[in-house]
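Novice:
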Amino acid sequence: MSTTNLTYTMYGIKNCDTIKKARKWLDDNHIPYVFHDYRKDGLKEALLLTFTENLDWQTLVNKRGTTWRQLSDEEKNAITDVNAAIALMLDKPAIIKRPILVSSDNRFMVGFNANDYLTFTGA
């Protein structure tokens, strides 16, 4: 059980396997969170700006996934800075590495690893 009064927001896409694992971990550890689905709840540039102010934009672009592999070489080569990355993420939200977990005290974490979540949440 978490020893703090922090809450969390998880950002991602509901049907992603990694999201499912991360949500199960939070549920199993009784960590309060809200889930924001990019497809259902939308994705705004302001949110991506917040992400890029707190996380490296290169970390946010998932270069292992299907969405990246489907880009042309020209599209891939055009992602050279934060503005190009934000434009790409707005156009193709599935390219954002998942999940992004944000604590109510404004800490950010990308991806899912049970040990890292344990440390991040203090569960």
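Residues in the sequence shown are numbered consecutively from 3, following the numbering used here.
Just so it is clear, CB atoms sit at the ideal spot from N, CA and C, and this is done for glycine as well.
Being a predicted model, the structure only gives us computed values, none of them experimental.
Extract the residue ranges of the alpha helix (DSSP H) inside the segment 48–83, only unbroken runs of 4 or more that lie entirely within it.
Specialist: The qualifying runs are 59–62, 68–71 and 75–79.
Novice: Starting from Y13, follow its DSSP beta bridges and name the residues at the other end.
Specialist: DSSP lists H38 and I102 as partners of Y13.
Novice: Indicate whether the contact test is met: 3 or more Cβ pairs, each with one atom in the segment 14–33 and one in the segment 115–125, closer than 8 angstroms.
Specialist: Judged by Cβ distances under 8 angstroms, the segment 14–33 makes contact with the segment 115–125, as three or more pairs qualify.
Novice: Residues in the same chain with beta-carbon distance under 8 angstroms from P95, minus the five sequence neighbours each way, listed in chain order, please.
Specialist: I15, Y40, R41 and L45, listed in sequence order.
Novice: Beta-carbon within less than 6 angstroms of T69's beta-carbon, same chain only, minus the 5 sequence neighbours each way: which residues are those?
Specialist: The answer, listed in chain order, is K94, A96 and I97.
Novice: Pull the bridge partners of M111 from the DSSP assignment, please.
Specialist: In DSSP, M111 forms a bridge with L103.
Novice: Exposed or buried, A24, counting other C-beta atoms within 10 Å across all chains shown (16 or more means buried)?
Specialist: Looking at its Cβ environment, which holds 16 or more other Cβ atoms inside 10 Å, A24 is buried.
Novice: Under the rule that 16 or more other beta-carbon atoms within 10 Å means buried, what is T82, buried or exposed?
Specialist: Result: exposed.
Novice: So, with DSSP's three-state summary, where would you put I33?
Specialist: In the structure shown, I33 sits in coil (DSSP, three-state: anything other than H, G, I, E or B).
Novice: Around the Cβ of L51, are there at least 16 other Cβ atoms within 10 angstroms (buried) or fewer (exposed)?
Specialist: Burial call: exposed.
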